[in-house]
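Below: one structure, written as structure tokens.
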Ligand code: ZN
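Residue numbers (this note's numbering): 42 to 239.
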């Protein structure tokens, strides 16, 4: 016997499919949504649709943006010859928050993980190699220090080395398995300054 209405069950099911939302949280959110004023639910649904329809990948670095080119890539004052490779847009935001990095980025949207069946073609790696057709003097690999992040870093460095472009890896002062977005700015800057040749 179903304890709740079919509509609530469906809502709980949709919500529990989101990352970090278990069944209990999904239930709590579902009941919260039902008890919210209709205007707020409308606004939330509309905001989600608008974001989905208007957010796209930057044509250069593949971060998420509302424009064709993101503000970092569109900024002529940035050093376009230094590219920092990160796993996701949240990592980019973490480095941007330090305000000390003057280069541009490349967002992979994931990391290579043989265990999860994520291969080089499933992340924006081809796109990175295409960018190296332009004049690039350094690629800084800032993937996480997890197994997947390290595997990805090794893979990228092997691909880039033959091109003669300098490849560096941020220092591993960053806690193992730690997501870049949770690391404080001082640690991030130290990792960047202490980067080593690959
Ligand atoms: Zn960009």
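Where a beta carbon is used, it is the ideal one built from N, C-alpha and C, also for glycine.
Note that the structure is predicted; figures quoted are calculated from it, not measured.
When DSSP builds the beta bridges, which residues end up paired with residue i?
i, result
"residue 151", "Residue 151 is not bridged to any residue."
"residue 210", "182, 237"
"residue 145", "124"
"residue 104", "None, per the DSSP bridge assignment."
Let me check understanding here. Comparing Cα to Cα, which of the options lies closest to residue i?
i, options, result
"residue 137", "234, 230, 237", "230"
"residue 235", "200, 205, 198, 183", "183"
"residue 207", "88, 74, 124, 92", "124"
"residue 92", "106, 79, 80, 83", "106"
"residue 200", "47, 52, 161", "161"
"residue 118", "79, 98, 142, 159", "142"
"residue 163", "170, 171, 152", "152"
Is it true that the CB of residue j sits closer than 7 Å to the CB of residue i?
i, j, result
"residue 189", "residue 154", "yes"
"residue 140", "residue 120", "no"
"residue 126", "residue 147", "yes"
"residue 128", "residue 76", "no"
"residue 100", "residue 109", "yes"
"residue 71", "residue 104", "no"
"residue 192", "residue 210", "no"
"residue 168", "residue 122", "no"
Roughly how many angstroms lie between the CA atoms of residue i and residue j, to the nearest whole one?
i, j, result
"residue 217", "residue 156", "Residue confidence for residue 217 is low, a pLDDT of 47 falling below 50, so the modelled location carries little weight and cannot support an answer."
"residue 58", "residue 204", "42 Å"
"residue 197", "residue 166", "8 Å"
"residue 66", "residue 227", "34 Å"
"residue 133", "residue 111", "12 Å"
"residue 49", "residue 83", "17 Å"
"residue 115", "residue 178", "19 Å"
"residue 85", "residue 56", "14 Å"
"residue 158", "residue 53", "28 Å"
"residue 64", "residue 73", "14 Å"
"residue 81", "residue 135", "30 Å"
"residue 170", "residue 61", "33 Å"
"residue 78", "residue 194", "48 Å"
Regarding residue i and the ligand ZN, is the C-beta to nearest heavy atom distance less than 6 Å?
i, result
"residue 101", "yes"
"residue 104", "yes"
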